[in-house]
Amino acid sequence: MAHPYHHALSSVKKWGGTVDCYLALHSWFDASKEITADFRHRALRHHAEGIFMAETIFGQTLTLSTGRIIPTRWVGEQHVKEDLGFIPSFADWVKAIRPEPWMGRAERIEALVDPHLASPVVEVT
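Converting from the sequence shown to this note's numbering requires adding 780 to each position, the first position being numbered 1.
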């Protein structure tokens with residue numbers, strides 16, 4: 781797996797600036813390695829929605845040390861394409877997850893918590 785530093789070097793080659801211009805963004809994409817240190821970490825951010833999420837966090841553009849302004853999305857797309865070869869949707873990742881029984885709650889809680897669905901309370905005098 782590529783290190784965020786190497787993704788940042790690739791960004792420098794494409795758009796200029798320095799590694800520090802890109803390192804935070806590339807590190808954010810790979811921060812999910814804290815959860816699982818293999819390729820499965822990519823399911824959390826390496827998809828189209830993850831790229832748009834990066835825009836929300838880092839802003840729509842990055843201003844490089846050279847003064848050049850580039851779309852944050854370009855850098856996110858570069859990162860995901862370098863790791864996966866294309867930009868999947870989150871649905872592409874979900875399709876690859878094998879459902880397990882514990883993933884779906886078997887007990888319905890609506891009648892326990894919604895006063896409009898619960899049985900009426902009868903007062904005893």
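Note that beta-carbon positions come from the ideal geometry of N, C-alpha and C, so glycine has one too. This one's a predicted model, so the numbers in the text were calculated from it and none came from an experiment.
Item: In chain order, each beta strand (DSSP E) run of at least 3 residues that lies wholly inside the region 787–870; Value: 841–843, 849–851
Item: Test item: CB-CB of Phe838 and Leu864 under 7 angstroms; Value: no
Item: DSSP state of Val904 mapped onto helix, strand, coil; Value: coil
Item: Contact under 7 angstroms by Cβ, His859 with His787; Value: yes
Item: Range of the contiguous alpha helix (DSSP H) that encloses Asp891; Value: In the sequence on display, residue 891 carries Ala and not Asp. Run containing Ala891: 890–893, per the alpha helix (DSSP H) assignment.
Item: Pro784 (DSSP reduced to helix, strand or coil); Value: helix
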